[in-house]
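A.B. asks: This is the structure I have questions about; it appears just below.
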Amino acid sequence: MARWGMVFDLRRCIGCNACAVACKQENTLPSGVFFTRTLSEETGEFPYPSRRYIPTLCNQCREPPCERVCPTGATYARADGIVLVDSEKCIGCGSCMVACPYDQRTRIEAEVLKNGLFGAGQLTPFETQGYQRFRAGTVAKCTFCHERVDAGLDPACVTTCPTDARVFGDLDDPDSRVSRLIRERRGRQPLPEKNTDPCVFYLD
Amino acid sequence: MSVHSHTADDDFRAGTRQQTAWGSVMATAFALGEAGAGLFFVALLVDLLPGMVLGLAMVLLGKGGSHLLHLGQPLRGWRALTRINRSWVSRGLLALVVFGACGSLQVLQAWYGPLPQPVAWLGAMLALGASLVIMVYQGFAMAHSAAIPLWSSGVMPVISLVYALLGGVLLTLALATSAAEPAIPPATAVLLRVAAHGLLLLCLVAVLAMLHAAWYGSAGGRDAVRLLLRTDYACWFLPLVVGAGILVPAGLLGFHPDRHGAVLAATVAALIGFYAFRVLVFKAGTYDSALSSPQPLLR
């Protein structure tokens, strides 16, 4: 069984946020909801200031704190490591949201589903079909596009990235591209001190 | 220079980030639950029926109602009972159910006559145990979350317990001394006043310990402490949590221990401080930045 993971090459990311747009399109995300974001950060001081971009999404942790604190078992991890939320079981208590060190969970409020992307209360056909996957008052998050992955495709953000800054693959396969990149360029996990063992790695 | 020393001002900038999942409604649930459970606990020990009734109402109606308001799917709330082996929220809900049943039994027994001795004893023990769990489980639920450095501290359950007992002791004193004929013996009242002073001191130490742990924990913790003591919430935290919540009750109880008005004012001030503490600690809860150890590309 594969262990899916992702690598972000911080040298390649240009902060275009095409990944965020692709994700919103793939998952029909309501207004204000993002499963992935590319954050910008200024570093250094004059005369050597710089800016870097930090892509973020759910890290599909091997020790997911969101799963540990969930009082209903709505959050669960598949055998391949992808952490999902069963919206039929979720009660929207927000425990997982305050347990996720990466702030990668969102509660889908009824108003955003009702108002639609244009805020007028009239849903486009795109929204009408897409919002069926959400339940108001429950928590949603990045799923590594598990339907696409199950069909042998890469997540939408990876496919869209114009600079190849996102690489997706099997962490358990030592010959996979993600494993080689992590090994050769000393990939590091976000916030390792939180003991969540994320399946997402950053290359400086 | 740390580049993570500020709270991110929009969703696409790196930096620490304030949590918004738990807000004022949850703060109300936490405060009413802890103060109500504390009141029931103390009132049961000193056999003060109005205190038991009020404590029960605060927990079941106040805390329970606030939780239902907060939930995105309140009709499915019962599902939270299904993961008692792992989740503190589940354990808290179980304690709430036990507390409701056994606490009600205690109140009904006081009104309609005593139950058989073993049943009454078992009910009282279960009610006391459940109220104790309600007093502390929220602190454990917060401490269990490593995501928010301000909360992720072993002192959190202690704060919950101390504030709950303080609320319980002060409310019991206020209720017991409200009538012309005190409802508890004078020696018990003296004991409760001494306990209140001790608990106020413990509150101060526990709050300072929480701030200390957060400040020396991580960038997110430091930003949370800055929010509470220097920037956005400083105008509320110091006057309400420390001033009204701790110093004013200590002064009133110290200078006018036998006056009902002073006890009542001390109780109200302490509860305002406690509620402000809950709201502000939720608001100031801050996530660490996405990457904890920045490595600038240009040097």
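Listed in order, the protein sequences are those of chains A and B. Note that numbering that gives the first Met the number 0 has the first sequence beginning at 0, numbered continuously upward. Note that numbering that gives the first Met the number 0 has the second sequence beginning at 0, numbered continuously upward. All residues carry an ideal CB built from backbone N, CA and C; glycine is no exception.
1) Flag residue 70 of chain B as yes if its beta-carbon sits less than 7 Å from any beta-carbon of chain A, otherwise no.
2) Any beta carbon from chain A within less than 7 Å of residue 176 of chain B's own beta carbon?
3) For residue 286 of chain B, decide whether its Cβ has a neighbour in chain A, counting only Cβ atoms nearer than 7 Å.
4) Under the criterion of a Cβ to heavy atom distance below 6 Å, does residue 125 of chain B qualify as lining the ligand NAD?
5) Whose C-beta lies closer than 8 Å to the C-beta of residue 294 of chain B among residues of the same chain, with five residues either side of it excluded?
6) In chain order, which continuous runs of the alpha helix (DSSP H) of length 4 or greater are located wholly inside the segment 64 to 142 of chain A?
7) Could you tell me whether any Cβ in chain B is nearer than 7 Å to the Cβ of residue 181 of chain A?
8) Run through the DSSP bridge pairs and tell me what residue 35 of chain A is partnered with.
9) Between B:286, B:87 and B:203, which lies nearest to residue 276 of chain B when the distance is taken from Cα to Cα?
10) Bridge partners of residue 17 of chain B, per DSSP?
11) Judging by CA-CA distance, which residue of A:201, A:80 and A:105 is the nearest neighbour of residue 135 of chain A?
12) Whole angstroms is fine: what's the gap from residue 2 of chain B's alpha carbon to residue 68 of chain B's?
13) Could you please give me the residues that DSSP links to residue 3 of chain A through a beta bridge?
14) Any contact between the segment 120 to 129 of chain A and the segment 21 to 41 of chain A? By contact I mean 3 or more CB pairs, one from each, below 8 Å.
15) Expressed to the nearest angstrom, what Euclidean distance is found between the alpha-carbon atoms of residue 256 of chain B and residue 283 of chain B?
16) With a CB to CB cut of under 8 Å and the five nearest residues on each side skipped, what residues in its chain are close to residue 121 of chain A?
17) Residue range of the alpha helix (DSSP H) that residue 118 of chain B falls in?
18) Which residues in the same chain have their Cβ closer than 8 Å to the Cβ of residue 42 of chain A, if we skip the five residues on either side of it in sequence?
19) Determine which residues share a DSSP beta bridge with residue 162 of chain A and list them.
20) Within 7 Å (strictly less), CB to CB, does residue 21 of chain B reach chain A?
21) For residue 130 of chain B and residue 108 of chain B, what's the separation of their Cα atoms in angstroms?
22) Report the rounded CA-to-CA distance for residue 262 of chain B versus residue 39 of chain A, giving the unit in angstroms.
23) Using CA atoms only, rank isn't needed, just tell me which of A:65, A:102, A:131 and A:95 is closest to residue 109 of chain A.
24) Look up residue 50 of chain A in the DSSP assignment and say whether it is helix, strand or coil.
25) So, does the CB of residue 154 of chain B fall closer than 7 Å to a CB anywhere in chain A?
26) Measure the C-alpha to C-alpha separation of residue 207 of chain B and residue 271 of chain B and round it to an integer number of angstroms.
27) Kindly give me the distance between the Cβ atoms of residue 168 of chain B and residue 191 of chain B, rounded to whole angstroms, as I take these residues to be in contact under 8 Å.
28) Taking the runs of the alpha helix (DSSP H) that are 4 residues or longer, which of them lie wholly in the segment 204 to 245 of chain B?
29) In the DSSP assignment, what residue or residues form a beta bridge with residue 179 of chain A?
30) Which bits of chain B does residue 64 of chain A rub up against, with CB to CB less than 9 Å?
C.D. replies: Taking the coordinates as given:
1) Here residue 70 of chain B refers to the residue found at position 71 when the second sequence is read from its first residue. Cβ-Cβ to chain A under 7 Å: yes for residue 70 of chain B.
2) Stepping through the second sequence from its first residue, residue 176 of chain B is reached at position 177. So, not an interface residue.
3) The residue you call residue 286 of chain B lines up with position 287 of the second sequence. Yes, because at least one Cβ of chain A sits closer than 7 Å to the Cβ of residue 286 of chain B.
4) What this structure holds is no ligand at all, so the ligand NAD is not there to describe.
5) Start at 1 with the first residue of the second sequence, and residue 294 of chain B comes out as number 295. Only weak support is given to the placement of residue 294 of chain B: the predicted model assigns it a pLDDT of 44, under 50, and the question is left unresolved by the model.
6) 64 to 68, 94 to 98, 109 to 114 and 124 to 129
7) For this step, residue 181 of chain A is matched to residue 182 along the first sequence. Against chain B, the CB of residue 181 of chain A has no partner CB under 7 Å away; the residue lies outside that interface.
8) The residue labelled residue 35 of chain A in the question sits at position 36 within the first sequence. Paired residue(s): A:56.
9) One-based indexing of the second sequence puts residue 276 of chain B at position 277. Taking only the C-alpha atoms, the option nearest residue 276 of chain B is B:203.
10) As a working mapping, residue 17 of chain B is identified with position 18 in the second sequence. In the DSSP output, where bridge partners are listed per residue, residue 17 of chain B has B:285.
11) Against the first sequence, residue 135 of chain A aligns to sequence position 136. The shortest C-alpha separation from residue 135 of chain A is found at A:105.
12) If you number the second sequence from 1, residue 2 of chain B lands on position 3. If you number the second sequence from 1, residue 68 of chain B lands on position 69. In this predicted model, residue 2 of chain B has a pLDDT of only 37, less than 50, meaning its place in the structure is not dependable enough to derive any value.
13) Counting from 1 along the first sequence, the entry for residue 3 of chain A is found at position 4. Partner(s): A:169.
14) For the pair of segments examined, the segment 120 to 129 of chain A was found to touch the segment 21 to 41 of chain A: the number of CB pairs separated by less than 8 Å reaches three.
15) Walking along the second sequence from the start, residue 256 of chain B turns up at place 257. Walking along the second sequence from the start, residue 283 of chain B turns up at place 284. Linking residue 256 of chain B to residue 283 of chain B through their CA atoms gives a straight-line distance of about 35 Å.
16) Residue 121 of chain A sits at position 122 when you count from the first residue of the first sequence. For residue 121 of chain A, the CB contacts under 8 Å within the same chain, skipping 5 residues up- and downstream, are 115 in chain order.
17) For the purposes of this step, residue 118 of chain B is taken as the residue at position 119 of the second sequence. From DSSP, the alpha helix (DSSP H) with residue 118 of chain B extends over 116 to 142.
18) Position 43 of the first sequence, counted from the start, is the residue given in the question as residue 42 of chain A. These residues qualify, in order along the chain: 48, 49, 50 and 51.
19) Working through the first sequence from its first residue, we reach residue 162 of chain A at position 163. Paired residue(s): none; residue 162 of chain A is not in a bridge.
20) The count along the second sequence starts at 1 and reaches residue 21 of chain B at position 22. Yes, contact with chain A.
21) Position 131 of the second sequence, counted from the start, is the residue given in the question as residue 130 of chain B. Position 109 of the second sequence, counted from the start, is the residue given in the question as residue 108 of chain B. Whole-angstrom Cα-Cα distance: 18 Å.
22) Locating residue 262 of chain B in the second sequence gives position 263, where the first residue counts as 1. Locating residue 39 of chain A in the first sequence gives position 40, where the first residue counts as 1. Approximately 54 Å between the Cα atoms of the pair.
23) Taking the first sequence and counting its residues from 1, one reaches residue 109 of chain A at position 110. Checking every option, the nearest Cα to that of residue 109 of chain A belongs to A:131.
24) Here residue 50 of chain A refers to the residue found at position 51 of the first sequence. Residue 50 of chain A falls in the strand class under three-state DSSP.
25) For this step, residue 154 of chain B is matched to residue 155 along the second sequence. It does not: the Cβ of residue 154 of chain B has no partner Cβ on chain A nearer than 7 Å.
26) By one-based count along the second sequence, residue 207 of chain B stands at place 208. By one-based count along the second sequence, residue 271 of chain B stands at place 272. Rounded to the nearest angstrom, the two C-alpha atoms are 18 Å apart.
27) Within the second sequence, the letter at position 169 stands for residue 168 of chain B. Within the second sequence, the letter at position 192 stands for residue 191 of chain B. Yes, they are in contact, since the Cβ atoms of residue 168 of chain B and residue 191 of chain B sit about 5 Å apart, within 8 Å.
28) 218 to 228
29) Residue mapping note: residue 179 of chain A aligns to position 180 of the first sequence, counting from 1. Paired residue(s): none; residue 179 of chain A is not in a bridge.
30) On the first sequence, position 65 is the one that residue 64 of chain A refers to. Using a Cβ-Cβ cut-off of 9 Å, residue 64 of chain A is close to 143, 144, 145 and 146 of chain B, given in chain order.
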